[in-house]
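Take any residue in the sequence shown, note its place counting from 1, add 20, and you have its number in our numbering.
This report concerns only the one structure given below.
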Amino acid sequence: MIETCIKERPHKRVLWLQWIGGLGALLLLFISGLMIGWTSPYIAKLTTPDSTLHITPAEASWVASLMNFGRLTGAVPGAASVYYFGGKQTLFFITIPMIVGWISIIMANSVVWLYIARFVSGLSMGMSYSSFPLYLGEIASPKIRGSLVTLASCGAPVGMLCGNIIGAYVDMPVFAYISLVPTVVAILLFLWLPESPHHLLRTNQIGKAEEAIARYNPGINIHVEVKSIQNFLTASNSQTFRSKLREFNIPQNRKAGLIIIGLYLFMQLSGLNSVLFYLETILTNGGLTFIPPATMVMVGSGAAISGAVGAIYLAAKCKRKTLLIVSCVGTVISLVLMGTHFALLNGGTDSAELQWLITSSVLMYEVFVHVGLCPVPSIVLSELFAPNIKSMAACIASVSVGLFAFLSSKTYQPLVDLMGEAYVFWMHASFIVIEIIFVWVCLLETKGKSLQEIQDALHKR
């Protein structure tokens, strides 16, 4: 018994250091969540006439959307940096644009500073999302790899909630000073963590690789692990970038790629970024008075987190198509109700009689969009592609979602000016009705199927 306990101690040590790496990735996504959560309270404040730094609605649309343009720009460099500089080093580099973003907000005395802050913040976000799964995949033991990625992914919604709460009560420079604290903690953490053994062996730093293996995996046979990683790298390096790109000419990979791009496109056509970035403004324009709009934004963020937590359970129990269709139906109903609220308000109905409608529709939207529309595309992405092109597919998906998010957030305010809130929300609802048909006809059910079964099913289509 004593002997068994002694043998298990190294295993606990390996779990601890790997979990610390996961917490480092979580910290970066938490900071990204703060950047997203910053948007709603401060756009509402900056567009008021008595704001110290006043911005126009047109400028506000750029402030909202430039982060997604930066995310689009950062996706490819993030994935490439992992290969050339290593996962740990890449995550350390990501903190640099984060610091630049917060300092730009502290110094902001014109909208140009906000443009800079939002773009570089988006750049760091794009790099984070395309690199952290690769880093965790290289350092984590197989049985906790999925848990580490899931843990890190929880950082963004928690950061959004904190951003909404902090933004409601403090001035913009104070928000940035507060946000610098977790950023500095992340810098110190990644300075301390060892580099991934995969990258060290890829660059022929065998001695350092053995040291990294000993730190991440104390008690493991180092020579066996080195040989295993070298064999993996040899197999992975047998394909060039161009050959991996040519893999997408294969019919089943092309079909899988179109499905993934379609799912991410519809996710943005649901109005996700518009509601996320403009929620406090939407609630204010909707005549919400029984609860402060800033407080309602916090409640909405809590509803989003509950939807995301529910998705973890439902994804293990429900089929992908079923979960996504239920999410779409709930999202359509909530968007129709939001549009109806503004139509009644514009028609002369007293806003006091419509308080329940705007609050219930927003909460319903936050829950349903995060139950399926947000998580299912990422789940399907991890299942549709063969291992040799999965990272390439993830990079393409990251670029796609950045582009779609930028266009969605940039066009929201011009569309509202053109046709009013009611028709904008009804338009988003109509897009999701089309998605229901797309999912029913095109989405391959992947739950419970092996990779080979999925590839065979794609080939038959």
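All C-beta atoms in this analysis are idealised placements derived from N, C-alpha and C, irrespective of residue type, glycine included.
Three-state class that DSSP yields for residue i in the structure shown
i    : result
D224 : Sequence check: residue 224 is Asn here, not Asp. Three-state DSSP puts N224 in coil, outside helix and strand.
N237 : coil
S263 : helix
V205 : helix
G368 : coil
L405 : Before going on, a small fix: residue 405 reads as Phe here, not Leu. Coil at F405, not helix or strand.
H243 : helix
D437 : helix
C348 : helix
A160 : coil
L213 : coil
H74  : coil
P69  : coil
S429 : helix
I249 : helix
I270 : coil
C415 : helix
E473 : helix
Q38  : helix
Where the alpha helix (DSSP H) containing residue i begins and where it ends
i    : result
K467 : Taken as a continuous stretch (DSSP letters only), K467 belongs to no alpha helix (DSSP H), as it is neither H nor E.
N129 : Unbroken run through N129: none, as it is neither H nor E.
N88  : P77 to F105
K339 : K339 -> no alpha helix (DSSP H), and no H or E assigned at all.
L181 : G175 to Y189
F388 : Q375 to F388
- List in chain order: all unbroken alpha helix (DSSP H) runs of 4+ residues lying wholly within the segment 276–319. Within the segment 276–319, the complete alpha helix (DSSP H) segments of 4 residues or longer fall at 292–305, listed in chain order.
- Inspect the CB distances between the segment 205–224 and the segment 100–114 and report whether three or more fall short of 8 Å. Touching, yes.
- Message: If contact is defined by three or more beta carbon pairs under 8 Å, each pair taking one atom from either stretch, is the segment 292–307 in contact with the segment 420–433?
- Response: Touching, yes.
- Message: Would you call the segment 172–183 in contact with the segment 44–60, where contact means no fewer than 3 C-beta pairs closer than 8 Å?
- Response: A contact exists between the segment 172–183 and the segment 44–60.
- Query: Within the chosen definition, does the segment 53–65 reach the segment 92–112 through at least 3 CB pairs nearer than 8 Å?
  - Reply: The segment 53–65, when compared against the segment 92–112, does not touch it at the 8 Å Cβ threshold.
- Query: Is there contact here, the segment 75–86 with the segment 195–209, by at least three beta-carbon pairs under 8 Å?
  - Reply: Three or more beta-carbon pairs separated by less than 8 Å are not found between the segment 75–86 and the segment 195–209, which leaves the two stretches without contact.
- Do three or more CB pairs link the segment 449–458 to the segment 312–319 at distances below 8 Å? The segment 449–458 is not in contact with the segment 312–319.
- Query: Are the segment 407–426 and the segment 330–345 in contact at 8 Å, needing three or more beta carbon pairs?
  - Reply: Because the criterion of three Cβ pairs below 8 Å is not met, the segment 407–426 and the segment 330–345 do not touch.
- Message: Quick check: the segment 97–104 against the segment 190–202, are at least 3 beta-carbon pairs closer than 8 Å?
- Response: When C-beta atoms of the segment 190–202 are compared with those of the segment 97–104, fewer than three pairs fall below 8 Å, so the two segments do not count as touching.
- Item | Stretch pair the segment 129–140 + the segment 88–97: three plus CB contacts closer than 8 Å | They touch, by the three-pair rule.
- Message: Tell me whether the segment 323–336 and the segment 304–311 touch, counting them as touching only if at least three CB pairs, one residue from each stretch, are closer than 8 Å.
- Response: The segment 323–336 vs the segment 304–311: no contact.
- Please confirm if the segment 409–416 is in contact with the segment 357–376, defined as three or more CB-CB distances below 8 Å between the two stretches. No, the segment 409–416 does not touch the segment 357–376.
- Task: Flag this pair as touching only if the segment 375–389 and the segment 237–254 have three or more C-beta atom pairs under 8 Å; answer yes or no.
- Result: Touching, no.
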